[in-house]
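Peer 1: Heads up: the sequence shown begins at 156 in my numbering, then just goes up one per residue. Let me give you the structure first, and then I'll get to my questions.
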Amino acid sequence: MEEDNKTGTNFEKLCLLLDESLAWQGSQLGVIRQRLHEDDLIKIVQWVSSIAYETDFISVNQTRLVDTCEWLGKHPKYLDWLERENSSIFWLHGIPGAGKTHLASKVVDTLSHKIRWRQDASIAYFFCDRNRYTHQNPQSLLCSLVRQLSLTNRLSINRCTIDIYNKKRAAGFASNCLTIKECLELLVELTNSYELTYIVIDGLDETELETRDKLMEVFQNLVFQCKRPLKLFISSREDEDIKQQFRDGRDLRITATDNQADIELFVVSRLGANRWCQNSLSDPTRREIMRTFTEKCQGMFLWAKLMMDGLLKLKLEKDILQYVRNLPRGIKGAYDKIYHEIQDREGSAGKIANRAFQFLMCSWKPLQPDILTGLIALDLNLPYWDTNRCSISIDYVLDVCRNLVVVTAESNICRFAHLSVQEYFEQHHWSREHVNMLMSRICLQYFTTSESLSSSNTPPSSRNPQSEKLARFTLCRDYMAGWPHHWVRCKDHSKDKKLLLLHRTLLGDLLRPSKYYINWINIIPRIDLKITTDLVNTARSFGMDITRSSLFTYCFLGTTDKAVQDLLESDILDPQTVNWLATNLFNLATDRNDLELCKLYLSMGVDVNKSAGSIYVRPPLHLATRHGLSHIEIIELLLENGADPNIETDYFGTALEGALDGKEQKDVIELLERHGATLGSGRSLRRRDLVRIKGCD
């Protein structure tokens, strides 16, 4: 009997242990399932948009003074827009430096706080930036909004976004990104999934001018199509195209009076935070500072900040009074004053500041401190890869630039303190072509030296792959590998003989590329730059090997000298090869808008209607018309030389159909129709587009 009891007890313990084991395994499976769910969610939202939108918001918010920007939330026009139940757009506009971005960040703060406990309301925002392609491109902006509104909470995502991701994945991501049309459809569906949606867009004027009309059309359609309340807040300068779009809606122009209290609060705060001013500045001088700032700032927060930065460097009251009495009016006067003071400094300070300004004006990607200081050091023939031997630190660069350049705290990126700083230099000091030519020369000079060929691409003083020196070297080298970005932005390379010589040295003989060219070609797959990616992909689609010859690269980048002509007219190549090359390069030249090369190939008797390239081929005229007005000279040349606009391709239709998708296409359409162009058969939907563009009844 006792033995039976023991057996029963042991059996119960075994069952208990088994239950505990199964429960533990079940909980572990739940953890694994949850982890898989979270991984899938991250993968989907990153696919929709990888932009760190919250980082941008935090960067702006940290620079906004406490208790400023309160006036907007009390303004009758803003309150009227906010409290109405229907969907609508509110446009806040004003002059440069008026504090629009800080006001937009305040709106995001206020609206986020307002709906923080509501599961049926959502907010999305975006801070545009002219100097970052991802922050000025309409598609990137809309994808970011889709991402934000798709997240119903931190651990779940809206069904419609999952469905389109799965659809794209099932097709092998043949169309990898969301199109503008797909973004609009998703945004309509997403806004309709909430009882209330807020969208805040700051700096609409900093988006691409060429595609901004499509973006504004999406906003208008979104407001019109959504069935539940959508409040869209937009801040921008008063660019004419934006004014035309939003002038009939609810808008508010920032005036000097609106900002005055904030500027006074800012001045008081800066004086109060300075120990010397706290202890030694007399009340009459304080009043003089306040009176002058109020009078001369003209409602520009930025002006007040820049002038206060200079004032707080002074430690004698008579110097402060003199400084205040000599303060310039307006933002240009402020920049003139600062720039002249920079150039008056002894030694290399002025040149270093100039290079920092110039490099930021034309950079093809956001510059980290190591890249900016490295490029400056390289230009001054200093050992840029070695921070111990190179005296140019980011702190020194920021000092000589006098607060016109800043490093963002969140993303560690160098940038102008304000867009108006860049515009000041563009309008009064250096053109974009000038700075791109300078940058092209610096990059090409580097890539035509033995240093660029150093063993394993490591810096001369270091062979340790983990070293800080190698990291700095690689950052600078990879940036300079993007020289084509700068090259194609120079209209006339013949202005700079040294630049042309460097370019020819790098590319070498068209049939026997130089060792420098091979080295560069091996580096470009590692850099994320559109023009070099397009070069590689386009060459592949045309069946050209750019590692064996620099001819295609030469033509792709639009170098207009006699090298191509000399090669094609020589006896080096047999006639069949010349004909094949000329056909391929003629198609490329029409697509790349290279008028001189097109004339060259036509003079050689190339077939004006012969296609070349990959599976999705189209004749040269069709390639040109899809670009719209920018290619009209090429289009005229092709038509004059017998191009047939009515050749119908399976995938793209006729030249006229291609023109419907171009930019500023009306003049191109009229030109094609004068040469007998028609739409292909069964194109009723496209016919409607044609009627709309032409403005017919």
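Each residue gets a CB set at the ideal place from its N, CA and C atoms; glycine is no exception.
Would you be able to state if there are at least three C-beta pairs under 8 Å between the segment 414-428 and the segment 371-388?
Peer 2: No, the segment 371-388 is not in contact with the segment 414-428.
Peer 1: Would you kindly report the start and end of the unbroken alpha helix (DSSP H) that includes Lys821?
Peer 2: That run of the alpha helix (DSSP H) goes Lys821 to Arg829.
Peer 1: Decide if the segment 250-260 is in contact with the segment 395-407; the criterion is three or more beta carbon pairs, one per stretch, under 8 Å apart.
Peer 2: No, because fewer than three Cβ pairs between the segment 250-260 and the segment 395-407 fall closer than 8 Å, the two stretches do not touch.
Peer 1: Between the alpha carbons of Gln274 and Leu407, how many angstroms are there, rounded?
Peer 2: If I take the Cα positions, the gap works out to 31 Å.
Peer 1: Classify Thr780: buried if its beta carbon has 16 or more other beta carbons within 10 angstroms, exposed otherwise.
Peer 2: Looking at its Cβ environment, which holds 16 or more other Cβ atoms inside 10 Å, Thr780 is buried.
Peer 1: When the Cα atoms are used, what is the spatial distance from Trp642 to Glu350?
Peer 2: Distance between the alpha carbons of Trp642 and Glu350 is about 51 Å.
Peer 1: For Ile597, does the three-state DSSP call read helix, strand or coil?
Peer 2: The answer is helix: DSSP assigns Ile597 an H, G or I state.
Peer 1: Could you check what DSSP says for Lys386 in three-state terms: helix, strand or coil?
Peer 2: It is a strand residue.
Peer 1: Should Gly760 go down as buried or exposed, given a rule of 16 or more other Cβ atoms within 10 Å for buried?
Peer 2: By the 10 Å Cβ count, Gly760 comes out exposed.
Peer 1: Report the three-state DSSP secondary structure of Ala832 (helix, strand or coil).
Peer 2: Of the three classes helix, strand and coil, the one that applies to Ala832 here is coil, per DSSP.
Peer 1: Considering only their Cβ atoms, is the gap separating Thr745 from Asp762 smaller than 8 Å?
Peer 2: For Asp762 and Thr745, no; Cβs fall outside 8 Å.
Peer 1: Sorted by chain position, which residues of the same chain lie with C-beta nearer than 8 Å to Gln720's C-beta, five sequence neighbours on each side aside?
Peer 2: If we look at Gln720 and ignore the five residues flanking it on each side, its Cβ neighbours are Leu755.
Peer 1: Throw me the rounded Cβ distance for the Glu361 and Gln291 pair, which I believe falls under 8 Å.
Peer 2: Their Cβ separation, rounded to whole angstroms, is 6 Å, which keeps Glu361 and Gln291 in contact under 8 Å.
Peer 1: Apart from the five residues just before and just after Ile686, which ones in its own chain have a Cβ nearer than 6 Å to its Cβ?
Peer 2: The residues are Pro639 and His640.
Peer 1: If you measure between the beta carbons of Ile526 and Leu537, is that distance less than 8 Å?
Peer 2: Taking 8 Å as the Cβ cut-off, Ile526 and Leu537 do not qualify as a contacting pair.
Peer 1: Express the C-alpha separation of Ser696 and Pro293 in angstroms, rounding to a whole number.
Peer 2: Pro293 and Ser696: Cα-Cα distance of roughly 27 Å.
Peer 1: Tell me the rounded alpha-carbon separation between Leu599 and Ser607.
Peer 2: Cα to Cα, the separation comes out at about 10 Å.
Peer 1: Among Gln582, Ser503 and Val590, which residue has its Cα nearest to the Cα of Asp554?
Peer 2: Considering only alpha carbons, the answer is Ser503.
Peer 1: Give a yes or no on contact between the segment 550-564 and the segment 510-529, applying the rule of three or more CB pairs nearer than 8 Å.
Peer 2: The segment 550-564 vs the segment 510-529: in contact.
Peer 1: Measuring alpha carbon to alpha carbon, tell me which residue in Leu466, Ile319, Leu306 and Leu457 is nearest Glu443.
Peer 2: Of Leu466, Ile319, Leu306 and Leu457, the residue nearest in Cα terms is Leu466.
Peer 1: Report yes if the CB atom of Ser299 is closer than 8 Å to the CB atom of Ile197, and no otherwise.
Peer 2: The answer is no: Cβ separation not under 8 Å.
Peer 1: Where do the N-terminal and C-terminal ends of the alpha helix (DSSP H) with Asp689 fall, by residue?
Peer 2: From DSSP, the alpha helix (DSSP H) with Asp689 extends over Lys685 to Ser696.
Peer 1: With a Cβ-Cβ cutoff of 8 Å, do Asn764 and Ala798 count as a contact?
Peer 2: Closer than 8 Å, so yes.
Peer 1: For Leu304, which of helix, strand or coil comes out of DSSP?
Peer 2: DSSP places Leu304 in helix when its eight states are reduced to three.
Peer 1: Per the DSSP calculation, Phe281 is bridged to which residue(s)?
Peer 2: Answer by DSSP bridge pairing, in chain order: Ile356.
Peer 1: Would a check of beta-carbon distances place Ser243 closer than 8 Å to chain C?
Peer 2: Any reference to chain C falls outside this structure, which holds one protein chain only.
Peer 1: Spatial neighbours of Ile863 within its chain, please: C-beta separation below 8 Å, excluding the five flanking residues on both sides.
Peer 2: The question about residue 863 has no answer, for the chain in this structure spans 156 to 852.
Peer 1: Would you check if the segment 319-333 and the segment 356-370 touch, i.e. whether three or more CB-CB distances between them fall below 8 Å?
Peer 2: Not touching, per the Cβ criterion.
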